[in-house]
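Before any comments, here is the structure.
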């Protein structure tokens with residue numbers, strides 16, 4: 001929407017003055033820059049890049065590093081994920097070391113590097129003086145070791161001039177005297193050297209103090225890891241899946257779109273039910289109720305009960321979308337890599353959607369009840385019975401029944417999404433079954449209302465009927481729920497989603 005900003009960003013990352021027809025022939029380095037430019041278009045406060053210099057030539061590596069450093073210096077927070085420690089050391093000022101899925105260090109780069117000792121490397125002019133030079137270091141209180149023709153001693157950089165003077169006093173001429181600072185790679189191995197549990201069984205930790213030439217240890221026995229109760233692990237995994245799904249359900253489109261539409265419909269049904277209430281007989285359109293019936297303790301939730309089946313259809317769509325979308329976008333493969341225990345993942349996701357169902361029903365109930373109290377006086381409806389003990393009991397019972405019905409609709413939507421692997425197909429099949437198929441079956445099957453799931457769910461939402469008792473409805477639906485949940489779990493756990 002802002003070509004000027006796009007061109008400015010392309011210039012900023014080194015892609016200016018290139019025609020659109022050349023985008024398809026961009027090299028990997030150009031694609032890296034173009035990806036960074038695309039990420040900068042919304043003017044973010046945080047930029048996350050993963051292996052930003054992977055596959056680039058030396059010139060491209062330097063350009064990308066300079067760009068990221070420039071962005072950081074300009075006030076943008078840049079998070080770099082990389083296994084190239086030299087790259088991290090070149091551009092980052094704050095580091096997090098993660099091993100085995102756990103944070104081993106978090107702090108400034110200088111703080112991490114300060115844990116490494118600086119080595120003085122002294123090379124005598126005559127190779128035979130190496131032993132004498134090492135003795136000089138040891139006598140001065142600095143441990144030393146001979147490395148080829150040189151002597152290495154870990155100590156403060158300021159001691160180098162002192163070593164040079166001591167060697168000269170002993171008749172030793174130094175051909176070379178240099179400092180070797182610890183690298184981020186050295187610091188990384190130092191951080192993990194005392195925590196073997198974070199590494200795979202075949203990994204070996206390098207001995208500190210050997211610079212880039214490392215001697216690997218084979219004699220260190222891995223520390224015993226304290227066992228964790230299986231139920232605790234499963235519980236935390238379910239909680240993690242639950243929290244992840246809750247975050248996704250908080251999307252503005254879902255809350256304002258699906259939730260707003262549902263509340264608007266419930267409000268409309270409630271208003272029409274109250275406004276069109278008659279004083280004597282049932283009307284032909286929308287089956288208006290009698291004013292005297294609305295004055296009963298359960299009159300407060302009559303509009304809510306009428307909207308119960310549609311609430312269930314909306315919940316069915318939400319469940320179908322939550323499960324089916326991850327199939328259609330192939331996101332499920334990545335999610336199952338993160339959490340391979342499929343049943344725990346499925347349970348956490350399902351529990352989050354159950355919570356959403358409860359919230360949706362409670363919100364719709366609150367809207368319906370508020371409208372009923374507001375409109376009732378203008379229709380000469382006596383609301384005294386609504387606030388009695390019987391009225392409160394009728395309201396709470398109706399909300400519970402509608403909630404259970406919504407959960408039943410949602411469970412059916414989730415099962416269809418897992419089986420069909422598509423949110424659109426699951427919603428289409430669910431709606432077609434509820435409205436078209438069950439209407440045709442109900443007309444041809446006299447006892448269909450006792451067994452058809454859609455009819456039973458609608459009956460549960462309305463609090464039962466003379467034809468089918470609430471108890472029979474609840475028992476039949478409970479059996480259906482067990483069958484659907486078990487069957488869906490088996491399909492989800494065993495089916496290949498690659």
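Numbering (our numbering), first residue to last: 1 to 498.
Cβ coordinates follow ideal geometry from the N, Cα and C atoms, glycine included.
query                                                                                                                        : result
Helix, strand or coil at residue 199 according to DSSP, with G and I counted as helix                                        : Residue confidence is low: residue 199 scores 43 on pLDDT, short of 50, so the model does not pin down where it sits. Its coordinate-derived value is still stated next. Of the three classes helix, strand and coil, the one that applies to residue 199 here is coil, per DSSP.
Bridge partner(s) assigned by DSSP for residue 47                                                                            : 78
Neighbourhood of residue 112 by C-beta distance below 8 Å, restricted to the same chain and skipping five residues each side : 95, 97, 105, 184, 187 and 191
Alpha helix (DSSP H) segments (min. 4 residues) lying fully within the stretch 111–156                                       : 130–139
Simplified DSSP assignment, three categories, for residue 108                                                                : strand
C-beta contact flag for residue 324 and residue 241 at 9 Å                                                                   : no
For residue 180, the first and last residue of its enclosing beta strand (DSSP E)                                            : 174–180
Outcome for residue 59 when other beta-carbon atoms lying within 10 angstroms are tallied against a minimum of 16            : exposed
Sequence-distant residues of its chain with Cβ nearer than 6 Å to residue 203 (five each side left out)                      : Because residue 203 carries a pLDDT of 41, less than 50, the predicted location of this residue cannot be relied on, and the following value inherits that uncertainty. Taken in chain order, the list of residues that qualify is empty.
Contacting residues, own chain, Cβ-Cβ under 6 Å from residue 349 (five flanking each side not counted)                       : 241 and 245
Which listed residue (418, 294, 129 and 135) has its alpha carbon closest to that of residue 320                             : 418
Buried/exposed call for residue 124, threshold 16 Cβ in 10 Å                                                                 : buried
C-alpha gap between residue 427 and residue 475, whole angstroms                                                             : 26 Å
Residue 45, buried or exposed, once every other Cβ within 10 Å from all chains shown has been counted against 16             : exposed
Cβ-based burial, residue 275 [other Cβ within 10 Å; buried from 16]                                                          : exposed
Outcome for residue 215 when other beta-carbon atoms lying within 10 angstroms are tallied against a minimum of 16           : Because the pLDDT at residue 215 is just 35, under 50, the model does not fix this residue reliably, and the value given afterwards should be weighed accordingly. When all chains shown are included, residue 215 counts as exposed.
Simplified DSSP assignment, three categories, for residue 497                                                                : coil
Nearest-angstrom Cβ-Cβ length linking residue 336 and residue 497, presumed shorter than 8 Å                                 : 7 Å
Cβ neighbour criterion (16 or more within 10 Å) applied to residue 66                                                        : exposed
Outcome for residue 477 when other beta-carbon atoms lying within 10 angstroms are tallied against a minimum of 16           : buried
Contact check, residue 406 vs residue 360, beta carbons under 9 Å                                                            : yes
Nonlocal neighbours in the same chain, by C-beta distance under 6 Å from residue 176, ignoring five residues either side     : 123
For residue 179, the nearest candidate out of 462, 398, 261 and 153 (CA to CA)                                               : 153
Three-state secondary structure assigned by DSSP to residue 418                                                              : helix
Whole-number beta carbon distance between residue 52 and residue 32, since they are thought to touch under 8 Å               : 6 Å
Cβ neighbour criterion (16 or more within 10 Å) applied to residue 171                                                       : exposed
Whether residue 303 touches residue 329 by CB criterion (9 Å)                                                                : no
Among 163, 127 and 128, the one whose alpha carbon lies nearest that of residue 143                                          : 163
Cβ contact check for the stretch 388–406 and the stretch 292–299: 3 or more pairs under 8 Å                                  : yes
Supposed close pair residue 236, residue 327 - CB separation, criterion 8 Å                                                  : Contact doesn't hold; Cβ gap of about 26 Å is too wide.
Strand pairing of residue 94, partner residues [DSSP]                                                                        : 108
Range of the contiguous alpha helix (DSSP H) that encloses residue 452                                                       : Where residue 452 is concerned, there is no enclosing alpha helix (DSSP H), given that its DSSP letter is neither H nor E.
Classification of residue 42 by the beta-carbon crowding that lies within 10 angstroms, buried from 16 upward                : exposed
Presumed contact (8 Å Cβ cut-off) between residue 109 and residue 71, rounded CB distance                                    : No, residue 109 and residue 71 are not in contact; Cβ-Cβ is about 17 Å, not under 8 Å.
Residue 228 in three-state terms, based on DSSP                                                                              : Reliability of the predicted coordinates at residue 228 is poor, the pLDDT of 43 falling under 50, and no value is obtained from them.
Proximal residues to residue 448 (C-beta, below 6 Å), its chain only, five neighbours per side dropped                       : 441 and 442
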